[in-house]
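Trainee:
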Amino acid sequence: MACRFPGGQDTDAFWQMICAGSDMVREVPADRWDVDAFFDSNPEAPGKMTTRYGAFLDQIDGFDAGFFQISPREASRMDPQQRLLLEVAVEAVCDAGLVRKRLLRTRTGVFMGMMYDDYARMQSEDPARIDAYTASGVGGSFLSGRLSHLLGLMGPSLTLDTACSSSLVAAHLACQSIRAGDCEAALVGGVSLMLQPQTTISLSKIGAQSPDGRIKAFDAAANGYVRGEGCGVVVLKSLSRALEEGDRVLAVLRGTASNHDGPSGGVTVPSGKAQEAVLRHALEAAGVEPTEVGYLEAHGTGTPLGDPIEMGAIGRVYGANRATDDALCVGSVKANIGHLESAAGMASLTKGILILRNGKIPPQINFDVPSPKIDWRPPIRVSTSLAELPRGKEQGVVAVSSFGLSGSNAHLLLGAAPTPVDV
């Protein structure tokens with residue numbers, strides 16, 4: 002497992018940052034775009050955005066092309082999202098204790114989420130810059146294809162775009178592929194970078210962006226989300242194969258599910274019924290009772306519409322038959338690092354794995370007054386301080402949700418890694 006998130010250049014730094022309750026949102030840096038030129042508090046102002054903020058990575062232009070045996074010219078035509086993903090994927094492979102020779106020509110799949118293509122727009126602004134490397138440099142399929150090529154992997158290789166749920170849907174499909182025998186292992190991840198202002202302008206027009214630059218998930222003052230950047234990659238295998246091959250197991254994906262909202266109030270309007278269905282499907286697939294789950298990492302974007310719908314579905318599924326003194330703790334890492342869009346699922350999954358491994362639930366920041374739009378009658382709580390993860394008969398189970406703006410939803414259940422046995 003490896004990551005690059007705002008304030009967390011690796012999993013250790015990421016864990017320390019969220020446990021400290023840090024907020025990594027800042028004003029848009031000058032090397033992305035001139036925020037003064039594009040900001041206007043009036044949402045009707047043409048060509049303007051209603052926020053000055055985001056959660057950004059540093060030094061996204063750096064890349065060791067020689068390490069990947071890529072020429073400097075070809076590297077310059079590659080979308081920085083491609084370059085970043087290659088680096089993080091290799092880090093994940095190393096963290097898993099794997100070497101390239103062991104992976105070469107194996108049926109290892111690659112399932113990656115990517116949503117926006119700012120770099121492709123930048124390349125097309127000057128046709129004179131287009132060369133033989135442009136198509137492979139900005140094409141979405143090459144995000145996964147190049148990684149499969151460089152590591153010599155011969156399993157399925159897919160780049161997925163289900164909007165904000167892309168990387169968690171990728172995890173679901175990777176699990177399905179492993180179970181079906183299409184691949185024996187998989188690299189799963191997502192990446193998102195903000196290189197141009199157009200997407201933030203568009204999201205401002207639909208009222209999704211928080212004007213004050215704070216994601217206040219589940220709070221009465223919730224007023225939208227803040228975009229963020231990042232990349233995360235995990236290595237998946239069947240548990241039996243991982244144990245047989247002596248791999249270090251961080252957690253077990255007990256069950257996964259994915260669906261779509263279908264008919265709702267609009268293509269970007271979430272459906273509580275669909276969310277409830279995907280939660281129940283994942284629990285069924287995992288063979289887990291709702292009361293066994295000790296923590297749920299919610300989609301939690303901090304929007305006045307989305308949070309009440311999501312919490313309603315959580316309450317109906319996880320709150321039913323739950324004792325009042327055993328309230329389910331719910332949180333959202335988006336308050337710390339912004340909404341990473343196509344990499345958001347990986348941020349949530351990484352947090353869930355770290356919660357299981359450390360037995361702690363990080364504090365939810367920017368939560369002061371519970372939203373009156375949310376039904377708090379089911380036994381659900383939000384912890385504003387570092388808390389212990391409840392350990393039941395299953396040694397702790399964590400749920401993770403990721404819902405796409407396009408209506409595509411994913412939910413999964415994580416279980417603790419098996420205790421190593423001395424032989």
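Using this note's numbering, you'd call the opening residue of the sequence shown number 2 and step up by one each time. C-beta: ideal position from N, C-alpha, C; glycine also.
Can you name the residues that DSSP bridges to D220?
Mentor: One-based indexing of the sequence shown puts residue 220 at position 219. According to DSSP, D220 bridges with P371.
Trainee: Whose CA, out of V91, N43, L58, G405, lies closest to the CA of T302?
Mentor: Along the sequence shown, one-based indexing puts residue 302 at 301. Of the listed residues, the one whose Cα sits closest to T302 is G405.
Trainee: For a test of the three-state rule: what should DSSP assign to R103, helix, strand or coil?
Mentor: Within the sequence shown, the letter at position 102 stands for residue 103. Here R103 sits in helix by DSSP.
Trainee: CB G295 to CB L390, shorter than 8 Å?
Mentor: The sequence position of residue 295 within the sequence shown is 294, counting from 1. The sequence position of residue 390 within the sequence shown is 389, counting from 1. Cβ atoms of G295 and L390: closer than 8 Å.
Trainee: So for T300, helix, strand or coil by DSSP?
Mentor: Numbered from its first residue, the sequence shown carries residue 300 at position 299. Reading off the sequence shown, one finds His at residue 300, where the question assumed Thr. It is coil, neither helix nor strand.
Trainee: Quick one: grab the DSSP three-state call for Y54.
Mentor: Taking the sequence shown and counting its residues from 1, one reaches residue 54 at position 53. Y54 falls in the strand class under three-state DSSP.
Trainee: Report the start-end ranges of each beta strand (DSSP E) in the stretch 128–161 that is 3 residues or longer and not cut off at the edges.
Mentor: Counting only runs of 3 or more, we get 158–161.
Trainee: When the Cα of L251 is compared with those of L237, L152, H173, V334, which residue comes out closest?
Mentor: In the sequence shown, the residue the question calls residue 251 occupies position 250. Nearest C-alpha to L251: L237.
Trainee: Our contact map puts I362 next to S384 with C-beta atoms below 8 Å; I'd like the distance itself, whole angstroms only.
Mentor: For the purposes of this step, residue 362 is identified with residue 361 of the sequence shown, where counting begins at 1. For the purposes of this step, residue 384 is identified with residue 383 of the sequence shown, where counting begins at 1. With a Cβ gap of about 6 Å, I362 and S384 count as contacting.
Trainee: I need the DSSP call for S167, collapsed to helix, strand or coil.
Mentor: Within the sequence shown, the letter at position 166 stands for residue 167. The answer is helix: DSSP assigns S167 an H, G or I state.
Trainee: Taking 8 Å as the limit between beta carbons, can you name the residues of its chain near Y226, skipping five residues before and five after?
Mentor: For the purposes of this step, residue 226 is taken as the residue at position 225 of the sequence shown. So the qualifying residues of the chain are A209, Q210, S211, I216, T302, G303, T304, K335, G339, H340.
Trainee: Closest to N43 by C-alpha separation, out of I315, I207, V100, would be which residue?
Mentor: Your numbering for residue 43 matches position 42 in the sequence shown. Answer by Cα proximity: I207.
Trainee: Do you know offhand how far A97's Cα is from D13's?
Mentor: Walking along the sequence shown from the start, residue 97 turns up at place 96. Walking along the sequence shown from the start, residue 13 turns up at place 12. So the two alpha carbons sit approximately 15 Å from each other.
Trainee: Rounded to the nearest angstrom, how far is the Cβ of A283 from that of G256, given a contact under 8 Å?
Mentor: What you label residue 283 is simply residue 282 of the sequence shown in a count that begins at 1. What you label residue 256 is simply residue 255 of the sequence shown in a count that begins at 1. Indeed they touch by this definition, with Cβ atoms about 5 Å apart.
Trainee: Which residue from G182, D162, A181 puts its Cα closest to that of G408?
Mentor: For the purposes of this step, residue 408 is taken as residue 407 along the sequence shown, with counting starting at 1. It is D162 whose Cα lies nearest to the Cα of G408.
Trainee: Ignore the nearest five residues each way along the sequence and tell me which others in P157's own chain have a CB closer than 7 Å to its CB.
Mentor: Taking the sequence shown and counting its residues from 1, the one referred to as residue 157 is at position 156. Excluding positions up to five away in sequence, the list reads G110, S178, D183, C184.
Trainee: Would you say A321 lies against chain C (beta-carbon separation less than 8 Å)?
Mentor: Considering every chain present, this structure includes no chain C. It has just one protein chain.
Trainee: If I follow the unbroken alpha helix (DSSP H) through A400, where does it start and stop?
Mentor: For the purposes of this step, residue 400 is taken as the residue at position 399 of the sequence shown. Where A400 is concerned, there is no enclosing alpha helix (DSSP H), although the beta strand (DSSP E) it sits in stretches over 398–404.
Trainee: Keeping to the same chain, check which residues put their C-beta closer than 8 Å to that of L144; ignore five residues upstream and five downstream.
Mentor: Position 143 of the sequence shown, counted from the start, is the residue given in the question as residue 144. D80, Q82, Q83, L86, M113, M115, T160, V192, listed in sequence order.
Trainee: Could you tell me the distance, in whole angstroms, from the CA atom of K374 to the CA atom of N322?
Mentor: Sequence index remark: in the sequence shown, residue 374 carries index 373 (1-based). Sequence index remark: in the sequence shown, residue 322 carries index 321 (1-based). Going by the C-alpha atoms only, they are around 23 Å apart.
Trainee: Does DSSP classify R382 as helix, strand or coil?
Mentor: Against the sequence shown, residue 382 aligns to sequence position 381. R382 falls in the strand class under three-state DSSP.
Trainee: Give the DSSP bridge partners of G191, in chain order.
Mentor: Position 190 of the sequence shown holds residue 191. According to DSSP, G191 bridges with G114, G233.
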